[in-house]
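Asker: Residue numbers (my numbering): 1204 to 1725. We put the beta carbon where it would ideally sit given N, CA and C, even for glycine.
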């Protein structure tokens, strides 16, 4: 019964994506073989790579200006492009402020490499492996599928596929009616995506390994080291994220139970066992969304093909690469050029300052505010004195210590190469909260004018302008956002809701929750 059900779902998801299959290199089911490169896709339309880089500064803590390191990385990317036979293609390597082991590419030809990788990688072989993998996504034109995934998201929201699975999951042991109610979108979305992620990642691995070997780099010290390091980090990060998720879930459940008790007390009721039971039920309902995701993911992973974990990627790639290496000398790791690049004066200072910023954040979490302030001050000095992440960390440390230092964020906004959208948002909202509406609007106008081409900037801007220019203006901006960035329509619409509309939505949600609790109790 389950197998037949999954087959039907696969057929539905395949039909939904049928129009996209033919646009993949080689057609549906295209699989790249290590050691062979297909002809590059013709008739490429390249978005502006400089504008793309600006848009990426709207994500997270933006980009990190590292001139010498960027020159070195772009030299390696040029070697990758030459080996692939497309030396004239646009795009460059940029560094993100993330401490995670993250790398990604865009349809503009740009590759974004995290500070975490710069701090962790041990050889040029490993860096070339990362760059060649990401360039594989560009070469194979996989970014064309971004619009397909967005369309799949809209289809999933209709719950055509997901409702059936929700009902199936809802009958499993341990699932409540609440689980079934929330299930449809989660599974409806997931059913459209996993196989494509698997195909893309494995093909990009094979492309990257082919190019890396052609350039004379070590597979063991390159791709193998890259994927093993990523696998280790993913395992450790998953544990950390799960611990944080559990803490948040307990807080949500506790808050829901406390609300029930307060409502009962306000009506003059004693906190009798009945009310305590209702509080417990409310707590369970509040946590259902989080519990559902884990539970359904467990079921889904057992029933269907999923995106391969990094260990599986490495095993698959090694199987294809080993025959190519048979009888050939194994090159040593190219550690010297990588170490030279990292120890260049300004680069070394930036790596040290970002490490210090991370230590400052740990001190903040430990509520050691004097230490946090000291470390953050060191991080926001020298070559990173205008960088977003160190300045935001210092701003938080000063605020926790009782000092007012939000004006220091202006150092980032005044630096063309360093300004980040999140700094604009924080600075504008701080000014607005302090009753300085005109200066706040000036900051937001400058920031939104600079980052308007990035979809990520719109929800926060809409929310701000709703407070300062009225919610009718916010709704107009939300409509413009939806026409420009269809996948952000819901987020922009939510941002355009007035406090009264948000309160009404909350009231209705709580009413539905209470009604469900009452039904469950009966």
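Does DSSP put residue 1316 in a helix, in a strand, or in coil?
Answerer: To locate residue 1316, count along the chain shown from 1; it is residue 113. Strand, per DSSP.
Asker: Beta carbon of residue 1279, beta carbon of residue 1298: below 7 Å?
Answerer: Indexing the chain shown from 1 puts residue 1279 at position 76. Indexing the chain shown from 1 puts residue 1298 at position 95. Cβ distance not < 7 Å, so residue 1279 and residue 1298 don't count as in contact.
Asker: Just list the alpha helix (DSSP H) runs in the segment 1664-1696, keeping only unbroken ones of 4 residues or longer that don't cross its boundaries, in chain order.
Answerer: Taking only runs of at least 4 residues, the alpha helix (DSSP H) segments lying wholly in the segment 1664-1696 are 1674-1687.
Asker: Just to check my reading of the structure: residue 1516 and residue 1408 have Cβ atoms closer than 8 Å, yes? What is that Cβ distance to the nearest angstrom?
Answerer: Reading the chain shown from its first residue, position 313 is the one you call residue 1516. Reading the chain shown from its first residue, position 205 is the one you call residue 1408. Correct: roughly 6 Å between the Cβ atoms.
Asker: Leaving out the 5 sequence neighbours to the left and right, which residues in its chain are closer than 8 Å to residue 1642 when beta-carbon positions are compared?
Answerer: On the chain shown, position 439 is the one that residue 1642 refers to. Closer than 8 Å at Cβ, skipping near neighbours: 1634.
Asker: Output the distance between the C-alpha atoms of residue 1645 and residue 1655, rounded to the nearest integer angstrom.
Answerer: Position 442 of the chain shown holds residue 1645. Position 452 of the chain shown holds residue 1655. C-alpha separation (whole angstroms): 15 Å.
Asker: Count the other CB atoms, across all protein chains shown, that sit within 10 Å of the CB of residue 1245; report buried if there are 16 or more and exposed otherwise.
Answerer: In the chain shown, the residue the question calls residue 1245 occupies position 42. Looking at its Cβ environment, which holds fewer than 16 other Cβ atoms inside 10 Å, residue 1245 is exposed.
Asker: Considering only their Cβ atoms, is the gap separating residue 1650 from residue 1627 smaller than 7 Å?
Answerer: Within the chain shown, residue 1627 is the residue found at index 424, counting from 1. Within the chain shown, residue 1650 is the residue found at index 447, counting from 1. Cβ distance < 7 Å, so residue 1627 and residue 1650 count as in contact.
Asker: Inspect the CB distances between the segment 1420-1437 and the segment 1324-1333 and report whether three or more fall short of 8 Å.
Answerer: Because the criterion of three Cβ pairs below 8 Å is met, the segment 1420-1437 and the segment 1324-1333 touch.
Asker: Roughly how many angstroms separate the alpha carbons of residue 1294 and residue 1708, rounded to a whole number?
Answerer: Along the chain shown, one-based indexing puts residue 1294 at 91. Along the chain shown, one-based indexing puts residue 1708 at 505. Rounded to whole angstroms, residue 1294 to residue 1708 spans 44 Å at the Cα level.
Asker: Do residue 1289 and residue 1414 come within 7 Å of each other at the CB atom, strictly closer than that value?
Answerer: Locating residue 1414 in the chain shown gives position 211, counting from the first residue. Locating residue 1289 in the chain shown gives position 86, counting from the first residue. The answer is no: Cβ separation not under 7 Å.
Asker: Could you give the distance in angstroms between the alpha-carbon of residue 1343 and the alpha-carbon of residue 1420?
Answerer: Here residue 1343 refers to the residue found at position 140 of the chain shown. Here residue 1420 refers to the residue found at position 217 of the chain shown. Computed Cα separation, rounded: 22 Å.
Asker: Taking all protein chains shown into account, do 16 or more other C-beta atoms lie within 10 angstroms of the C-beta of residue 1535, making it buried, or fewer, making it exposed?
Answerer: Within the chain shown, residue 1535 is the residue found at index 332, counting from 1. Residue 1535 is exposed by the Cβ-count criterion.
Asker: So is residue 1296 buried or exposed if we call it buried at 16+ other beta carbons inside 10 Å?
Answerer: Within the chain shown, the letter at position 93 stands for residue 1296. Answer is buried; the Cβ neighbour count reaches 16.
Asker: If I'm right that residue 1616 touches residue 1597 with Cβ under 8 Å, what's the distance once you round it to whole angstroms?
Answerer: Numbered from 1 along the chain shown, position 413 holds the residue referred to as residue 1616. Numbered from 1 along the chain shown, position 394 holds the residue referred to as residue 1597. Not quite, the Cβ-Cβ distance comes to about 15 Å (not below 8 Å), so this is no contact.
Asker: So which of 1673, 1411, 1261 and 1703 has the shortest CA-CA distance to residue 1524?
Answerer: In the chain shown, counting from the first residue as 1, residue 1524 sits at position 321. Among 1673, 1411, 1261 and 1703, the Cα nearest to that of residue 1524 belongs to 1411.
Asker: State the beta-bridge partners of residue 1308 as determined by DSSP.
Answerer: Numbered from its first residue, the chain shown carries residue 1308 at position 105. Answer is 1314, bridged to residue 1308.
Asker: Would you mind stating whether residue 1551 and residue 1585 have Cβ atoms separated by less than 7 Å?
Answerer: On the chain shown, position 348 is the one that residue 1551 refers to. On the chain shown, position 382 is the one that residue 1585 refers to. Contact: no.
Asker: Could you give the DSSP three-state label for residue 1414: helix, strand or coil?
Answerer: Translated into the one-based positions of the chain shown, residue 1414 becomes position 211. Residue 1414: helix per DSSP, three-state reduction.
Asker: Is it buried or exposed for residue 1700, if we count other Cβ within 10 angstroms and need 16 for buried?
Answerer: Within the chain shown, residue 1700 is the residue found at index 497, counting from 1. The residue is buried, with at least 16 neighbouring Cβ atoms inside 10 Å.
Asker: Note down the Cα distance separating residue 1531 from residue 1583, rounded to an integer number of angstroms.
Answerer: The sequence position of residue 1531 within the chain shown is 328, counting from 1. The sequence position of residue 1583 within the chain shown is 380, counting from 1. Going from the Cα of residue 1531 to the Cα of residue 1583 covers about 49 Å.
Asker: For residue 1440, count neighbouring Cβ atoms within 10 angstroms of its own Cβ and tell me buried if that reaches 16, exposed if not.
Answerer: The residue given as residue 1440 occupies position 237 in the chain shown. Residue 1440 comes out exposed.
Asker: Note the first and the last residue of the continuous beta strand (DSSP E) segment covering residue 1297.
Answerer: The residue labelled residue 1297 in the question sits at position 94 within the chain shown. Counting along the chain, the beta strand (DSSP E) containing residue 1297 begins and ends at 1296-1299.
Asker: Give the secondary structure of residue 1634 by DSSP, where H, G and I count as helix, E and B as strand, and everything else as coil.
Answerer: Stepping through the chain shown from its first residue, residue 1634 is reached at position 431. Residue 1634 falls in the helix class under three-state DSSP.
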